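Asker: FYI, in my numbering the residues of the sequence shown are 149 to 438.
Cβ atoms here follow ideal geometry from the backbone N, Cα and C, with glycine treated the same way.
As the structure is a prediction and not an experimental result, all values here were calculated from the model.
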Amino acid sequence: MHILVSAATASDLAETAEQSIDYLQKVIDYVISKAHIFVSAMIILIIGWYLTRFACKIVRHSLDKTRLDASVTSFINSLTKFGLRTLLAIIVINKLGVDTTSLIALLTSASLAIGLAVQGSLANFAGGVLLLIMKPFVVGDYIDDGNGHEGTVISIEIIYTRLLTANNEMVCIPNGKLADSPVTNLTNQESRRIDFPVSISYDENIDRVRTVLLNVASECQTLSKTHESLVFVQDFDSSSVRVVLRVWAITDKYWETRFEIREAIKKAFDAEGIEIPYDHMDVNLINPEK
Numbered sequence: 149m150h151i152l153v154s155a156a157t158a159s160d161l162a163e164t165a166e167q168s169i170d171y172l173q174k175v176i177d178y179v180i181s182k183a184h185i186f187v188s189a190m191i192i193l194i195i196g197w198y199l200t201r202f203a204c205k206i207v208r209h210s211l212d213k214t215r216l217d218a219s220v221t222s223f224i225n226s227l228t229k230f231g232l233r234t235l236l237a238i239i240v241i242n243k244l245g246v247d248t249t250s251l252i253a254l255l256t257s258a259s260l261a262i263g264l265a266v267q268g269s270l271a272n273f274a275g276g277v278l279l280l281i282m283k284p285f286v287v288g289d290y291i292d293d294g295n296g297h298e299g300t301v302i303s304i305e306i307i308y309t310r311l312l313t314a315n316n317e318m319v320c321i322p323n324g325k326l327a328d329s330p331v332t333n334l335t336n337q338e339s340r341r342i343d344f345p346v347s348i349s350y351d352e353n354i355d356r357v358r359t360v361l362l363n364v365a366s367e368c369q370t371l372s373k374t375h376e377s378l379v380f381v382q383d384f385d386s387s388s389v390r391v392v393l394r395v396w397a398i399t400d401k402y403w404e405t406r407f408e409i410r411e412a413i414k415k416a417f418d419a420e421g422i423e424i425p426y427d428h429m430d431v432n433l434i435n436p437e438k
């Protein structure tokens, strides 16, 4: 099979190949001429990254020596890190030859579009500031956001507040949601109330049950001394009387108290012969042959 190529076509191919070689040579020459700029920018980026980390560490240690609240220091640390890294990015871009003045002007002209795009982040930033000013909770508090998330506040950052749950899971909640919705601070007070409802038989002596339950409460060492324990009849169910033991636990000992008293009630009832009614099912087998 023979392929015939005209002289004009061969000339065009040769010209295209020559143009491609010239273009590639210009690219290589440009890269070589600008290589020192790219290398310098990378060096600035690497050194600047470590310097910003070192500066943030100094700021964090300095704030730890002050009497500022832990939530405030956490927020300032996050803000410092964001500001220094933004400044580093501008320096690197400027070193690469990009006109930062034009870039800033472009960002300014596009501020409306950027604001619409990041309005959620701006709302979260404003929410973080409100949380620091109003202080509905601080680092170390145990809170419930009302949306199924509860845990100990680890940090209040620029955009998010971090919670550590009882299951040792980290939950990040946007500051805007926490600032705009009801939040329950479960550790704000020195003591927390715990109710222990138990069911007893209608034949049982309520005064005897009250004495047993109060003895259980008096033997617990993690109860608050500022509140008295209380036993009262809460309701009359179809097959039992519902009695409640109300105690006030020291906040830091809440779960320990809850588990201890619940177990102690069962043991005390067993020791005193107090029956806790429960549903029974009687099954009658009928033999049709008889």
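For the segment 235-247 against the segment 278-287, are there 3 or more C-beta pairs whose distance is under 8 Å?
Answerer: Contact between the segment 235-247 and the segment 278-287 is absent, because fewer than three Cβ pairs lie under 8 Å.
Asker: Would the segment 339-357 count as touching the segment 292-309 if we require 3 or more Cβ pairs under 8 Å?
Answerer: The segment 339-357 vs the segment 292-309: no contact.
Asker: Where does the unbroken alpha helix (DSSP H) through S366 begin, and where does it stop?
Answerer: Where S366 is concerned, the enclosing alpha helix (DSSP H) stretches over I354 to S366.
Asker: Return the Cβ separation of V379 and L393 in integer angstroms, given the expectation that the two are a contact with Cβ distance under 8 Å.
Answerer: The Cβ separation is near 5 Å, so the contact holds.
Asker: Are S347 and I281 close, meaning C-beta to C-beta below 8 Å?
Answerer: No, these two residues do not count as a Cβ contact at 8 Å.
Asker: If I'm right that G294 touches G324 with Cβ under 8 Å, what's the distance once you round it to whole angstroms?
Answerer: Actually they are not in contact, since the Cβ atoms of G294 and G324 sit about 14 Å apart, beyond 8 Å.
Asker: Along the alpha helix (DSSP H) that carries Y402, what are the first and last residues, could you check?
Answerer: Where Y402 is concerned, the enclosing alpha helix (DSSP H) stretches over Y402 to E420.
Asker: According to the neighbour-count rule (16 or more other Cβ atoms, all chains shown, within 10 Å of its Cβ), is E338 buried or exposed?
Answerer: By the neighbour-count rule (16 or more Cβ atoms within 10 Å), E338 is not buried but exposed.
Asker: F384 bridges to which residues according to DSSP?
Answerer: V389.
Asker: Nearest-angstrom Cα distance between P345 and E420?
Answerer: Near 18 Å, if we compare the C-alpha coordinates of E420 and P345.
Asker: Between the alpha carbons of K401 and N272, how many angstroms are there, rounded?
Answerer: Each residue's alpha carbon lies about 33 Å from the other.
Asker: Within the continuous beta strand (DSSP E) that includes L312, where are the two ends?
Answerer: Residues Y308 to L312.
Asker: Which of the three DSSP states, helix, strand or coil, is assigned to N323?
Answerer: Correct three-state label for N323: helix.
Asker: Using CA coordinates, which residue listed in T374, V391 and L244 is at the minimum distance from A183?
Answerer: Comparing Cα positions, the closest option is L244.
Asker: Starting from the Cα of L232, find the closest Cα among T405, R201, E367 and S188 and give me that residue.
Answerer: For the residues T405, R201, E367 and S188, the minimum Cα distance to L232 belongs to R201.
Asker: By alpha-carbon positions, which one of L211, I291 and L362 ends up nearest to W396?
Answerer: If we check each option's Cα against that of W396, L362 comes out closest.
Asker: Based on Cα-Cα distance, which residue from G196, D170 and N242 lies nearest to I185?
Answerer: It is N242.
Asker: Since T370 contacts T405 with CB under 8 Å, what's their CB separation in whole angstroms?
Answerer: Their Cβ separation, rounded to whole angstroms, is 5 Å, which keeps T370 and T405 in contact under 8 Å.
Asker: At the level of alpha carbons, what is the spacing between C368 and F407?
Answerer: About 11 Å.
Asker: What is the DSSP secondary structure of V301, counted as helix, strand or coil?
Answerer: If DSSP states are grouped into helix, strand and coil, V301 belongs with the strands.
Asker: Going by the beta-carbon positions, is the gap between L311 and H297 smaller than 8 Å?
Answerer: Yes, the pair counts as a contact, with Cβ atoms nearer than the cut-off.
Asker: Using 8 Å for Cβ pairs, my map puts A365 next to S349. What's the rounded Cβ distance?
Answerer: The Cβ separation is near 22 Å, so there is no contact.
Asker: So, for A203: in the same chain, excluding its five sequence neighbours on each side, which residues have a beta-carbon less than 7 Å away from its beta-carbon?
Answerer: Once the five neighbours on either side are set aside, the close Cβ partners of A203 are L232.
Asker: Hey, could you find the ends of the beta strand (DSSP E) V346 is sitting in?
Answerer: Looking at the DSSP string, the run of the beta strand (DSSP E) that includes V346 is S339 to I348.
Asker: Count the other CB atoms within 10 Å of the CB of L199; is the residue buried (16 or more) or exposed (fewer)?
Answerer: It is exposed - the Cβ of L199 has fewer than 16 other Cβ atoms within 10 Å.
Asker: So, using beta-carbon positions, are V331 and G299 closer together than 8 Å?
Answerer: It is not a contact, given that the beta carbons lie outside the stated cut-off.
Asker: My understanding is that R341 touches T399, with C-beta atoms under 8 Å, so please give their C-beta distance in whole angstroms.
Answerer: Between T399 and R341 the Cβ distance is about 11 Å, and since that is not below 8 Å, they are no contact.
Asker: Whose C-beta lies closer than 8 Å to the C-beta of D292 among residues of the same chain, with five residues either side of it excluded?
Answerer: E298, V331, T332 and L334, listed in sequence order.
Asker: Which word fits Y426, buried or exposed, when buried means at least 16 other C-beta atoms lie within 10 angstroms of its C-beta?
Answerer: Looking at its Cβ environment, which holds fewer than 16 other Cβ atoms inside 10 Å, Y426 is exposed.
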